[in-house]
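Heads up: the structure comes next, in structure tokens.
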Amino acid sequence: MKSLKICFTGIGSIARRHIRNLRTVCRGRGIELRVDAVRRSEWADRKDDELQLGRVYTSYEEMDSEYDVVFITNPTEYHIETLKNIMKYGRNFFIEKPVSSVSQIEEAVKLRLKKDAVYYVACPLRYNAVIQYLKENVDFGKVISIRSISSSYLPEWRPGTDYRQTYSASRRLGGGVSIDLIHEWDYLTFLIGMPQKIFYLYGKKSALEIDSEDYAIYMAEYEDKIVELHLDYFGRKTIRQVMILTDEDTVCGDLVNNRIEFMKTGEIIDFHERRDDYQIRELEHFLDMIEGRAKSDSDIGHAVEVLKLTQGRIEVEK
């Protein structure tokens, strides 16, 4: 691949990160990168010199060019509508998680997809050094139990932004902790597959001014192991950990501090990694997919099943 022509739908914080990281990846691969965007009309003339945007469209009707990749990075509620509108302009698609809102799951299932196109739904925590190490070095056939937690304080997620005005605060816009923190179920299914049974509690217990759920708790049963997962918006100290219990040791993966501790032996592995490191690895993997060197391991079908799982639903063949 000598050049890459990309269009972004929505230029929020995650799109900006992807653009910055894509430039790094493409420089390393000797790829000439062009980035266009679809933006709301009030943002069309905004000067974003650091983004180095080419054409900026204010509607899909203005588009007259085909792109190697379309990045769908607007709010979750608009993913399916956007995909339908922009399908003919893209050869491959990178869709931010989750693939759709819960109310649109059936629409996502019925999408008519282009043959030979890659449809990839983002799952960056899979590429975190902690998760990659666990995937490669733990014999999950010998794991008895897994306990996972993601606890943090929603008002501190986006400094300078009123959390009450974000999509996270609105169930209608695809917010709620079970959806926002879909990463946990994605990396758990990446490590050990889909459960056979699931029990799900959710609701709102804190004083946060939101109409979405601020906690979700799951118990999932596999043939040979049990999984416990806790998600919340109200933890004042950020915790993101996965604890793996085996006959021989208890292995604790800390995704905030990027370290693994073997609690019985006392061994500690530090990875000294930044967020951009694993997001760059994800983009590298995606480019390998569209070049035919890797298979899509997070397509729309899989993403829909993980989304159902966040709602306590299991509807896959065993």
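In terms of the working numbering, the sequence shown opens at residue 188 and continues consecutively. Built from N, CA and C at the ideal position, the CB exists for glycine as well.
The segment 282-299 and the segment 417-433 do not touch, with fewer than 3 CB-CB distances between them shorter than 8 Å. A direct Cα-to-Cα measurement between residue 213 and residue 396 gives close to 42 Å. Take the alpha-carbon of residue 239 and the one of residue 222: they are about 7 Å apart. Runs of the beta strand (DSSP E) lying entirely within the segment 316-394 and spanning at least 3 residues, in chain order: 330-340 and 384-390.
Annotation: the continuous beta strand (DSSP E) that includes residue 406 extends over 402-408. DSSP lists 194 as the beta-bridge partner residues of residue 223. Beta bridge pairing from DSSP links residue 437 with 432.
Taking a C-beta distance under 9 Å as the contact criterion, residue 494 and residue 292 qualify as a contact pair. Between the alpha carbons of residue 466 and residue 203 lies a distance of about 12 Å.
Taking all protein chains in view, the Cβ of residue 316 is crowded by 16 or more other Cβ atoms within 10 Å, so the residue is classified as buried.
For residue 486, no alpha helix (DSSP H) encloses it, and the DSSP letter there is neither H nor E. Sequence-distant partners of residue 432 (beyond 5 residues in either direction) whose C-beta falls short of 6 Å from its own C-beta, in its chain, are 331 and 332. Following the DSSP letters along the chain, one finds residue 443 in no beta strand (DSSP E), marked with neither H nor E. Residues of the same chain with a CB within less than 7 Å of the CB of residue 471, apart from the 5 flanking positions on each side, are 212 in chain order.
DSSP assignment within the segment 454-495 yields the following whole beta strand (DSSP E) runs of 3 residues or more, N-terminal first: 455-457. Burial of residue 419 is indicated by the presence of at least 16 other C-beta atoms within 10 angstroms of its C-beta. DSSP places residue 241 outside both helix and strand once states are collapsed to three, so it counts as coil. Counting along the chain, residue 259 sits inside the beta strand (DSSP E) bounded by residues 256-259. Taking a cut-off of 8 Å for Cβ pairs, the segment 384-399 and the segment 358-373 touch, as three or more such pairs fall below it. Close CB contacts of residue 427 within its chain, under the 6 Å cut and outside five residues either way in sequence, are with 337, 442 and 443 (chain order).
Beyond the five residues adjoining it in sequence on each side, residue 482 comes within less than 8 Å, by CB distance, of 476 in the same chain, given in chain order.
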